[in-house]
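Okay, so the sequence shown: first residue is 3 according to this note's numbering, each after it adds one.
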Amino acid sequence: MSDVSEQQEVLIVTGMSGAGRSTVGNALEDLDWYVVDNLPAQMLRPLLDLAERAGDSLPKIAAVVDVRGGRLFSEAQEAVRTLRASMPSKVRVLFLDATDAALVRRFEQVRRPHPLQGDGTLLDGILAERARMEELRETSDVIIDTSELNIHQLATTISEKFAESDRAGVQVTVLSFGFKYGLPTDADMVGDARFLPNPFWVPALRKQSGLDEPVTSYVMQQDGAREFVDAFAASLVPVLSGYQRENKRHATIAIGCTGGKHRSVTLVGELAARLRGLPGVAVSVKHRDLGRE
């Protein structure tokens with residue numbers, strides 16, 4: 003049997019229990035993906051064979067594969083590897099993650115045990131799952147940290163990444179954040195803006211953000227600011243070209259400062275402007291921690 007048609011896309015959705023797989027499945031269905039939930043990894047190839055026979059009626063397939071498959075999940079990594087080898091440009095893996103604290107809180111809210119908890123605690127189950135998922139996470143195309151996302155924000159994130167309009171070779175999210183709130187776990191590369199003077203200590207700028215012109219001017223006039231952005235953008239040119247050759251269609255580039263309000267917001271805007279001119283690259287901007295102070 004021949005491979006899946008040229009128009010077909012295959013998305014394998016996996017990740018930590020409690021990280022939002024059901025929300026993602028619903029969001030993908032709203033984007034006209036055909037979603038199969040809790041599919042044993044061994045059924046991926048038969049599902050795609052069936053989809054091929056269905057032709058254009060099933061152009062986009064998403065399969066949710068997770069530890070609910072029990073013993074069958076142990077073969078998930080090998081099944082994904084086989085599919086990637088046969089359809090390298092068609093198969094993507096989306097991994098949903100969250101902090102241990104966020105996962106514990108969510109399980110406690112719904113009063114359900116973790117599927118790997120057994121006679122132990124919730125945290126025991128989470129740690130066991132994290133160890134089992136490690137290899138699959140490392141080879142995923144897209145990682146989304148849902149720790150700080152509600153269901154509506156997660157659905158919006160999925161829409162931005164997997165909507166029909168996403169036809170660029172690689173979609174880049176340029177993200178600002180505050181180091182004091184933690185590193186973004188889904189970032190592919192991280193830059194540090196804390197080498198620049200902090201506008202927080204300038205009374206006239208304290209209440210403004212990097213979206214405001216006075217802050218932008220102040221930051222970009224500092225020694226090294228423009229050189230940093232230019233060098234960072236230049237370093238990303240071969241990286242993003244390589245991502246396109248390797249069929250990595252999503253990348254998150256993060257820049258952090260202390261609180262994610264001034265310096266990182268300004269530099270993210272400057273970096274995004276430079277990246278928008280690259281061929282095959284679509285750029286979106288997010289400010290993770292803006293407004294938290």
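Glycine residues also receive a C-beta, built at the ideal position from the N, C-alpha and C atoms.
Setting aside the 5 residues that flank it on each side, residue 265 is surrounded in the same chain by 195, 198, 221 and 259, each with a C-beta closer than 6 Å to its C-beta; the list follows chain order. The alpha-carbon separation between residue 159 and residue 153 amounts to approximately 10 Å.
The beta carbon of residue 144 is closer than 6 Å to those of 96 and 252 in its chain, skipping five residues each way along the sequence. Going by DSSP, residue 158 is part of the alpha helix (DSSP H) stretching over 153-164. The closest CA to that of residue 64, considering only 240, 23, 291 and 101, is found on 23.
Contact annotation: residue 69 and residue 19 have beta-carbon atoms nearer than 8 Å. C-alpha of residue 192 to C-alpha of residue 164: approximately 23 Å in a straight line.
The Cβ neighbour count for residue 203, taken over all protein chains shown within 10 Å, is under 16; the residue is labelled exposed. Here the alpha carbons of residue 61 and residue 287 stand approximately 29 Å from one another. Taking C-alpha positions only, residue 147 is separated from residue 208 by approximately 29 Å.
Taking every protein chain shown into account, the CB of residue 281 has fewer than 16 other CB atoms within 10 angstroms, so this residue is exposed. Taking the Cα of residue 269 as reference, the smallest distance to any Cα among 48, 32 and 212 is reached at 212. Residue environment: residue 12 is assigned as buried (16 or more neighbouring CB atoms within 10 Å of its CB, all protein chains considered). For residue 291, same chain residues with a beta-carbon under 6 Å away, outside a window of 5 residues either side, are 179, 180, 183 and 262 in chain order.
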